[in-house]
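Peer 1:
Number of protein chains: 2
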Amino acid sequence: MSSLKVPASVPDPYEDAEQLKKAFKGWGTNEDLIIQILAHRNAAQRKLIRDSYAAAYGEDLLKDLDSELTSDFQRVVLLWTLSPAERDAYLVNEATKRLTASNWVIMETACTRSSDDLFKARQAYHARYKKSLEEDVAYHTSGDFRKLLVPLITAFRYEGDEVNMTLARKEANILHEKISDKAYNDEEIIRIISTRSKAQLSATFNHYNDHHGHEIIKDLEADDDDEYLKLLRAAIECLKTPEKYFEKVLRLAIKRLGTDEWDLTRVVATRAEVDMERIKEEYHRRNSVTLDHAIAADTSGDYEKMLLALIGHGDA
Amino acid sequence: MSSLKVPASVPDPYEDAEQLKKAFKGWGTNEDLIIQILAHRNAAQRKLIRDSYAAAYGEDLLKDLDSELTSDFQRVVLLWTLSPAERDAYLVNEATKRLTASNWVIMETACTRSSDDLFKARQAYHARYKKSLEEDVAYHTSGDFRKLLVPLITAFRYEGDEVNMTLARKEANILHEKISDKAYNDEEIIRIISTRSKAQLSATFNHYNDHHGHEIIKDLEADDDDEYLKLLRAAIECLKTPEKYFEKVLRLAIKRLGTDEWDLTRVVATRAEVDMERIKEEYHRRNSVTLDHAIAADTSGDYEKMLLALIGHGDA
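Residue numbers (the working numbering), protein chains in the order written: chain Y, 450 to 765; chain U, 450 to 765.
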């Protein structure tokens, strides 16, 4: 369900590296060439290009991209060019910094990555920041947010299909009881949400829906001023139907007065190679306009071209 | 610092497998032969023997050992023959079962393994139990024990030597303040203990000692009837000086009226290939008798022989 378009015949990575080097040379930068190459290579291919670039020129491609490009285009190219694990580590690190703090980015990363990918992000965090991802998340959060985010980000969920229906019934009842009592920060809610496999949670949420009259998400819509409650609801949405969660982030980012490029860039860069096709379907269904059209109407220039290339608009 | 004695020339694993098969045949089992082989092979070699045994006889060596052996000898041979990751997964699973429940085993596993080894145990748990290690730990614990054990068992600590001295001072002061208030279950204590690297914690505990007049361990000796407090203290001991923690577990296991084979077996099987030489030094220093002598005086038969072989008594 990747939206990436990779050409049938991909050039040798040394050739790609050479073209990129050329794109940086002389008066101005050749942004079209950068898009033509990087937006049409998968993660393994981008890694080879970075390695070839370092071997051929003794320089770091990311540093050169950083110094040659600017603004939103720079951010999307840099995020995209990073490996998925480095990118997640970078985003979470950013989300623990004062000026770019975001409990939402931490939650989104924790709840929408596969168990292996989330663990690889923790390994990449060690390598890049010389500390653990969870120590930064724990240090920079507090209260209920910390209680929820630390177990989410340190989870290594089982990913098999096995479901224990007795347990699903039992835990659906626990969730219903705590939610009825408005005990949204109860440790049992957090335990269930943060440790159970996605298949098990799906069974639990289905039981909740069937036996308690509403979807769990609806029952959590009590109070929209409660930031913790909104985050908990979004975590459940991410675990249950990530494409719906991402559709909503994109919708709100685009509909705002002045697009929220921060969210738009992050969602496109992190989902293009994962489930962007499903997110596009969901977006079209919900907004009666394609994501391609919405992005084209709201962005411009190289930034627009890069986003459209990543979501699979046009040919490789 | 492994106490294991591996012969200079190790037989082909198929040959070892064949010898083990012979040891099971006929009237009675040849326990000496089992010890002679398994107690003198490292983890990688034992893995090859299991693979060769399965390939040659279509049977699982562990199942055959299980049916051929009995009692304490059976348990030590089985635990030892498992790979370290499978063994940790097995021990933690056992520790979440009602009849063999043990917060101590969970804490000990969480705090004395390297980050990679702890993660491998979580992977092995998925493979063997079709669920995550943390979901069982969280489900089978509650209250303060859960608050402490879940972050400990899900940690992936940074393992570099880098230390932030400013942070060490700051967090030593936080620890001192909370301990002075007897707020032993405070979320800040748990955050620091469960997320910081062992090098960072060492600097923090040194600052605590230098500036607050006592070792942190001493300040936690307030109330020996408080099971949570004892567990917290032991967790700090495990993170700080694991050989002292294990020396104490062995000392208490041996000194009891009737040896505690459960603890003795676990410590020998899990530490022989890791830091048993340091534990033996510590034991000798503290008890004025060698661990070899203490074990020989308190155990007997094949169980005794196996334990002594694993702690490096006699030749390979």
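Ideal Cβ placement from N, Cα and C applies to all residues, glycine included. Only a predicted model underlies this, so the values are computations on that prediction, with no experimental measurement involved.
1) With a threshold of 9 Å between beta carbons, is U/A604 in contact with chain Y?
2) What residue from Y/D515, Y/H661 and Y/Y677 has the CA that sits closest to Y/E480's CA?
3) Let me check understanding here. Comparing Cα to Cα, which of U/N552, U/R715 and U/E626 lies closest to U/S591?
4) Determine, using beta carbons only, whether U/R595 comes closer than 9 Å to chain Y.
5) At 3 residues or longer, what runs of the beta strand (DSSP E) sit wholly inside the region 668-732 of chain U?
6) Report yes or no: do the region 553-569 of chain U and the region 610-625 of chain U share at least 3 C-beta pairs separated by less than 8 Å?
7) Determine, using beta carbons only, whether Y/F654 comes closer than 9 Å to chain U.
8) Taking Y/G609 as the query, report the chain U residues whose CB atoms sit under 8 Å from its CB, ordered along the chain.
9) Using a threshold of 8 Å, is the CB atom of Y/D465 nearer than that to any non-hydrogen atom of the ligand COA?
10) Since Y/E536 meets chain U, which of its residues come closer than 7 Å, beta carbon to beta carbon?
11) Counting only Cβ pairs nearer than 7 Å, list the residues of chain Y close to U/A587.
12) I want to see whether chain U comes within less than 9 Å of Y/Q468, judged by CB atoms only; does it?
13) In the structure shown, what three-state DSSP assignment does Y/G750 receive?
14) Would you please state the rounded distance, in angstroms, between the beta carbons of U/S581 and Y/T644? I believe it to be under 8 Å.
15) Would you mind stating whether U/I483 and U/L518 have Cβ atoms separated by less than 9 Å?
16) Hey, U/D537 and U/T558 are a contact pair by Cβ (cut 8 Å); roughly how many whole angstroms apart?
17) Any C-beta of chain U sitting closer than 9 Å to the C-beta of Y/P600?
18) Using a 10 Å radius around the Cβ and a threshold of 16 neighbouring Cβ atoms, would you call U/A617 buried or exposed?
19) Among residues of its own chain, excluding the 5 on either side of Y/L713, which ones have a beta-carbon nearer than 6 Å to its beta-carbon?
20) Do the region 490-502 of chain U and the region 459-466 of chain U meet, that is, are 3 or more Cβ pairs less than 8 Å apart?
21) Give me the residue from U/H625, U/I641, U/M614 and U/I628 with the minimum Cα distance to Y/H589.
22) Between the alpha carbons of Y/A544 and Y/Y574, how many angstroms are there, rounded?
23) In angstroms with no decimal places, state the Cα-to-Cα distance between U/V599 and Y/D724.
24) By the 9 Å beta-carbon criterion, what residues does the region 544-576 of chain Y contribute toward chain U?
25) Select from Y/I498, Y/Y694, Y/H663 and Y/F654 the residue whose C-alpha is nearest the C-alpha of Y/V459.
26) Indicate whether Y/E636 and Y/L624 have their beta-carbon atoms separated by less than 9 Å.
27) Tell me which same chain residues have a C-beta within less than 6 Å of the C-beta of Y/V716, skipping the five on either side of it?
28) Since U/E584 meets chain Y, which of its residues come closer than 7 Å, beta carbon to beta carbon?
29) Rounded to whole angstroms, what's the CA-CA distance from Y/E726 to Y/L453? Just pull it up for me.
30) State the Cα-Cα distance for the pair Y/D819 and Y/L511, rounded to the nearest angstrom.
31) Under 9 Å between C-beta atoms, does Y/E626 make it to chain U?
32) Cβ of Y/F654 within 9 Å of Cβ of Y/E664?
33) Which value, in whole angstroms, describes the spacing of the CA atoms of Y/E692 and Y/F594?
34) Go ahead and pull the three-state DSSP assignment for Y/I498.
35) Buried or exposed: U/H656, going by 16 or more other Cβ atoms within 10 Å of its Cβ?
Peer 2: Let me lay it out:
1) yes
2) Y/D515
3) U/N552
4) yes
5) none
6) no
7) no
8) H575 and K579
9) In the structure shown, the ligand COA is absent, as is every other ligand, since no ligand is present at all.
10) Looking at the sequence shown, residue 536 of chain Y is not Glu but Arg. Ordered by position in chain U, no residue passes the 7 Å Cβ test against Y/R536, which lies about 18 Å from the chain.
11) R640 and T644
12) no
13) helix
14) 6 Å
15) yes
16) 5 Å
17) yes
18) buried
19) A702
20) yes
21) U/I641
22) 13 Å
23) 31 Å
24) S564, F568, R571, Q572, Y574 and H575
25) Y/I498
26) no
27) F695, V698 and L699
28) T644 and R645
29) 9 Å
30) Absent from the model: residue 819 of chain Y. The displayed extent of chain Y is 450 to 765, so no value can be given.
31) no
32) yes
33) 24 Å
34) helix
35) buried
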